[in-house]
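Structure first, then comments.
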């Protein structure tokens, strides 16, 4: 991050977009300009919350973030701009905003995977606002032309219509056996969303419960994260499961039985974002099958 | 002597005050208004104190705020019994006769509305992240509030409930069958609400309309009409209905940013 003295060039350390840095917040992602980058000793950078009433500019429209516990993203859409969103995040709308369903394929797969079946599109001119239903932060990810990000399901708030939306199997799963019962687990969900800005710059808004932290992984560098904590990653970051079995003194506390940790190994190069609020999966029984995974016995 | 007008409740305050004596809103901060005209409910500072009747209310905490009341002799407040956090043992309690017990049960509203009488201290909070919204009511005002959203009301306010008009509004409005109605007659009063997430307010001009997610609706002046409008959404061969609340002015509308989405099938 920096604005070298005597110049008006500013590169936002969070979204890496350039601006003149004259405003209080980055015009591409809303991150405050007047704060110091906070990086933990291990290399995680805390994504600062977007300040109340900060404005983000995209195409010919603006997005204003208001509130702090459960922020609201209020779009002032130009007549030529539109955004799409999952219908349950709509909070309020001017009556003249055009609301319609967005055409999407793979409806059956979406239903099976528990993803929203209906994606709606809102066309300007007019104001329309969105909010998620959990305390947390709104994350604005401006996408350069051709840039993609992979997002964990149910984190998506909205995107500009020039951002292409695809979803594919996450490829992260395992099964457990407890007595006669076998159970399938999808620690990051069955599907993962991929957003790509095709023809022009685009804007993607996500909702991260709790606080959000970013980190760059070098080529080959890996980190273990709680699967429920992942929000988004660059497509270049590979991921697979990792099981750890702590050494137990007795057979019933040993790991093969139940005492095990399940991690998601993220391997660079690329950027990853995690959230501080997550659901820890219940895992009873032994792991009998899984997607490609590594294992470690202590 | 110069006075400061509170931007939220319009009450007059002495110049030395930093928080409104009537609603607790900070006086040294301007209203925060979005581009489309929604005003953020004032964020009450920790330990802010304001007065109603001869009693005081102190607000503690910010994530799940607590309203701590010091009730004077002769003053009382009413509330849904499960929002009570603590009270001094000597604070007498009684039940408010709301009438319509069967209707309230069917409508999923609390059967018993409790009353706490001064003198003594008693505190209230709800069970989720949110904001307290303090709404002083002048004589002759009527306010409609979504059910289970009010935290506490002062004794001078007449409390009743009104059935939401229109079957479509009841079935698809997401606000339940009934709304709480607070009416002041000769005396002013105060209603404190708990909004989930953040709370925003907009004043609609006569005839002005706005569409609101039904789960986000928090309160409105009774002069604001609420209708449910249906949006037909086609995805391939399937047709879905999405319902939004259309608010028609004149009057204030309050919304909350965290809600359970009710409006589609």
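Residue numbers (our numbering), protein chains in the order written: chain U, 711 to 1008; chain B, 4 to 268. The beta carbon of each residue, even a glycine, is placed where N, CA and C say it ideally should be.
Nearest CB-CB separation between residue 243 of chain B and chain U: below the 8 Å threshold. According to the DSSP assignment, residue 743 of chain U belongs to no beta strand (DSSP E), since it is labelled neither H nor E. Sequence-ordered contacts of the stretch 29 to 49 of chain B with chain U read 35, 36, 37, 38, 39, 40, 41, 43 and 46 [C-beta pairs closer than 9 Å].
Closer than 8 Å at the C-beta level to chain B, one finds these residues of the stretch 778 to 794 of chain U: 778, 779, 780, 781, 782, 784 and 786. Note that the C-beta distance between residue 926 of chain U and residue 990 of chain U is not below 8 Å.
Taking 8 Å as the CB threshold, residue 776 of chain U lines the interface with chain B.
With fewer than 16 other Cβ atoms inside 10 Å of its own Cβ, residue 6 of chain B counts as exposed.
In the three-state reduction of the DSSP assignment, residue 139 of chain B falls in the strand class.
In terms of Cβ geometry, residue 867 of chain U and residue 801 of chain U do not form a close pair [threshold 8 Å]. Listed along chain U are 843, each with a C-beta nearer than 7 Å to that of residue 262 of chain B. Residue 799 of chain U carries a helical assignment under DSSP once its states are collapsed to helix, strand and coil.
The Cβ of residue 251 of chain B sits no closer than 8 Å to any Cβ of chain U.
Residue 847 of chain U and residue 122 of chain B have their C-alpha atoms spaced approximately 42 Å apart.
Within chain U, the C-beta atoms nearer than 7 Å to that of residue 214 of chain B come from 802, 803 and 805, in chain order. Within a 10 Å sphere around the beta-carbon of residue 130 of chain B sit fewer than 16 other beta-carbons, which makes this residue exposed.
DSSP places residue 16 of chain B inside the beta strand (DSSP E), whose first and last residues are 15 to 17. For the pair residue 139 of chain B and residue 25 of chain B, the CB atoms are nearer than the 8 Å cut-off. A straight-line Cα-Cα distance of about 17 Å links residue 77 of chain B and residue 71 of chain B. In this structure, residue 136 of chain B lies near residue 257 of chain B, with their beta-carbon atoms less than 8 Å apart. Contact of residue 234 of chain B with chain U by beta-carbon distance below 8 Å involves 809. In the structure shown, residue 852 of chain U adopts extended strand secondary structure according to DSSP, grouped into three states.
The secondary-structure analysis by DSSP pairs residue 187 of chain B across a beta bridge with B:160.
For residue 902 of chain U, no chain B residue has a C-beta closer than 9 Å to its own C-beta; the minimum C-beta separation is roughly 21 Å.
Here residue 57 of chain B is exposed. Its C-beta has fewer than 16 other C-beta atoms within 10 Å.
At a Cβ-Cβ threshold of 8 Å, residue 160 of chain B and residue 186 of chain B count as neighbours. Collapsing the DSSP output to three states places residue 251 of chain B in a strand. Of the candidates U:914, U:808 and U:775, the residue whose Cα lies closest to the Cα of residue 790 of chain U is U:808. The DSSP-derived three-state label of residue 807 of chain U is coil. Judged by DSSP secondary structure, residue 152 of chain B falls outside any beta strand (DSSP E); it is assigned neither H nor E.
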